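First up is the structure itself, then whatever we jot down about it.
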Amino acid sequence: MTDDDYLSLLDRAKNCLPETIQGHERFSLPDLDILQEGKITVIRNFIDITDKLRRDPQHVLQYLLRELGTPGNIETRRAVLKAKLSTSQISERVQEYTDTFVICSECDRPDTRMLKEGRTLVLECEACGARRPVNAKKSTRSDTSSELRAGDIIEILIHDVGKKGDGVGKYQNYLVVVPGTAKGTRAKVKITNMSGTTAFGTVTQDAPTR
Ligand SMILES: [Zn+2]
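Just so we're aligned, residue 352 is where the sequence shown starts under our numbering, counting upward by one.
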């Protein structure tokens with residue numbers, strides 16, 4: 352399929368949508384331009400992102416540093432994070448920031464501003480006028496950076512062997528079950544399944560993602 356074909360297909364698809372959806376497209380950020388330099392991760396287009404979000408770069412940075420658990424700073428238009436981080440780790444946090452501090456929960460538009468009302472931070476939408484407290488969207492997850500997910504690669508010590516002979520290790524609050532590992536060894540583990548605070552994984556050669 353050529354680009355022209357694709358574009359005309361896209362046009363046709365748009366014409367089939369109801370007016371309300373056609374009116375505005377889902378807000379999307381520029382792709383993160385990530386550079387890995389040893390144990391440092393650079394977001395090269397950081398200011399482009401914060402411009403698009405219309406938020407104070409320092410506010411965005413502090414959020415990312417807190418969520419990712421790393422020191423870092425802004426250098427001209429780039430954010431320099433002092434840890435080895437994957438693009439997906441960073442983009443997840445940027446998405447969370449966007450959902451929490453930018454996107455209007457009523458109309459899904461990014462045309463919002465933050466106001467202080469007493470001690471509460473309020474998000475006011477310039478498009479539809481809706482208001483919501485900034486933290487209302489996500490309140491129960493206290494420490495998202497420690498949440499283990501399928502696909503994560505971690506390095507753990509196998510400190511025990513379960514009844515079925517599977518190696519068992521700990522990662523923060525999680526018990527990680529890894530078949531085929533021996534007690535006392537360190538293993539790089541790719542998480543395949545989660546069940547509450549128990550994680551199941553397989554041994555991998557890939558570099559840890561967290
Ligand atoms: Zn709105």
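Just so you know, even glycine gets a beta-carbon here, dropped at the ideal spot from N, CA and C. Note that this is a predicted model, so its numbers are computed, not measured.
Where residue i falls, given that 16 or more other Cβ within 10 Å makes a residue buried
i: residue 537; result: exposed
i: residue 412; result: buried
i: residue 430; result: buried
i: residue 525; result: buried
i: residue 448; result: buried
i: residue 404; result: buried
i: residue 531; result: exposed
i: residue 386; result: exposed
i: residue 446; result: exposed
i: residue 469; result: exposed
i: residue 354; result: exposed
i: residue 492; result: Annotation note: pLDDT 41 at residue 492 (below 50); position unreliable, coordinate value reported separately. Exposed is the call here.
Pair within 8 Å by beta-carbon distance, residue i and residue j
i: residue 540; j: residue 553; result: yes
i: residue 547; j: residue 528; result: no
i: residue 518; j: residue 533; result: yes
i: residue 397; j: residue 381; result: no
i: residue 311; j: residue 508; result: Because the chain is modelled from 352 through 561, residue 311 falls outside the range shown and cannot be assessed.
i: residue 432; j: residue 401; result: no
i: residue 378; j: residue 460; result: yes
i: residue 479; j: residue 457; result: yes
Where the beta strand (DSSP E) containing residue i begins and where it ends
i: residue 536; result: Counting along the chain, residue 536 falls outside any beta strand (DSSP E), and DSSP gives it neither H nor E.
i: residue 467; result: 463-468
i: residue 499; result: No beta strand (DSSP E) holds residue 499; DSSP gives it neither H nor E.
i: residue 551; result: 549-554
i: residue 382; result: No beta strand (DSSP E) holds residue 382; DSSP gives it neither H nor E.
i: residue 511; result: 504-512
i: residue 481; result: Note, residue 481: premise wrong, no beta strand (DSSP E); not H, not E.
i: residue 423; result: 423-426
i: residue 516; result: No beta strand (DSSP E) contains residue 516, which DSSP labels as neither H nor E.
Ligand 1 heavy atom lying under 7 Å from the CB of residue i
i: residue 550; result: no
i: residue 303; result: Residue 303 is absent from the model: the chain starts at 352 and stops at 561.
i: residue 501; result: no
i: residue 426; result: no
i: residue 430; result: no
i: residue 498; result: no
i: residue 418; result: no
Enclosing alpha helix (DSSP H) for residue i [first to last residue]
i: residue 444; result: 438-452
i: residue 409; result: 408-419
i: residue 401; result: 397-404
Sequence-distant residues of the same chain with beta carbon closer than 6 Å to residue i, five excluded per side
i: residue 477; result: 462
i: residue 437; result: 560
i: residue 551; result: 528, 543 and 544
i: residue 522; result: 505 and 507
i: residue 390; result: 435
i: residue 455; result: 463, 476 and 481
i: residue 384; result: 395 and 396
i: residue 399; result: 381
Residues near residue i in its chain [Cβ-Cβ closer than 8 Å; skip 5 each side]
i: residue 473; result: 465, 466, 467, 482, 483, 484 and 485
i: residue 504; result: 539, 540, 541, 542, 555, 557, 558, 559, 560 and 561
i: residue 510; result: 519, 520, 521, 534 and 535
Close beta carbons around residue i, own chain, < 7 Å, minus the five adjacent residues each side
i: residue 444; result: 415, 418 and 419
i: residue 471; result: 484
i: residue 422; result: 416 and 433
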